[in-house]
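Residue numbers (my numbering): 606 to 831.
Just so it is clear, CB atoms sit at the ideal spot from N, CA and C, and this is done for glycine as well.
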């Protein structure tokens, strides 16, 4: 049964198309007015699906966690501080982050500033220090690479029967109509939307895949750091 007091209604539509507002929806004895955003399993979904509200909420909660850890970090060593950061900041940045794939750079930059602040807290770096070498020394993947990592890990699991059925049904192997060189490359078919695909499966286990994937993304992210 639905809980009247906790039920939210949201109308999803394009931000470029004007739509008439929905009338209140009656649930039980309550009339629920449509919201511009709603929270589901920790993710804030907005009516245009641009994830702006989620990024805003995420930066707010992660910033508060960094502030609280900063209050006691002078009593902690670097390793203990890092454990707290991973528990209360990194976990938030990584939670459902595959939904952030393809967001505009300025949205990703907001989350990257949060990670930079967390790295500065752990490393005791100064505010004006360049953060890329600090992330490199901590061996932390930047936000954009963490998102790609999560998407590819989910894809690998779907291809190797390690993911739920509803995810496996979304991933289809590319089957050309005639014999092509791409037939042996284990590519994925491209859905009718603006997405990219990653196809070659060079790993024989999920742990091996996670290892070589993180190494690949880390190398690309810090190619200019010696």
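A distance of 8 Å or more separates the beta carbons of residue 774 and residue 727.
In the three-state scheme derived from DSSP, where H, G and I count as helix and E and B as strand, residue 641 is classed as coil. Between residue 614 and residue 640, the C-beta spacing is below 8 Å.
For the pair residue 680 and residue 721, the Cα-to-Cα distance works out to about 21 Å. According to the DSSP secondary-structure assignment, residue 778 is paired through a beta bridge with 793. Taking a C-beta distance under 8 Å as the contact criterion, residue 664 and residue 710 do not qualify as a contact pair. Rounded to whole angstroms, the gap between the alpha carbons of residue 634 and residue 624 is 27 Å. Residue 670 is a Cβ neighbour of residue 694, given a cutoff of 8 Å. By the criterion of at least three beta-carbon pairs nearer than 8 Å, the segment 697-709 is in contact with the segment 755-764. Residue 742 is bridged by DSSP to nothing; it lacks a bridge partner. The segment 669-737 is shown to contain whole alpha helix (DSSP H) runs of 4 or more residues at 683-690, 696-699, 710-728, in chain order.
DSSP places residue 630 within a strand segment (E or B) once states are collapsed to three.
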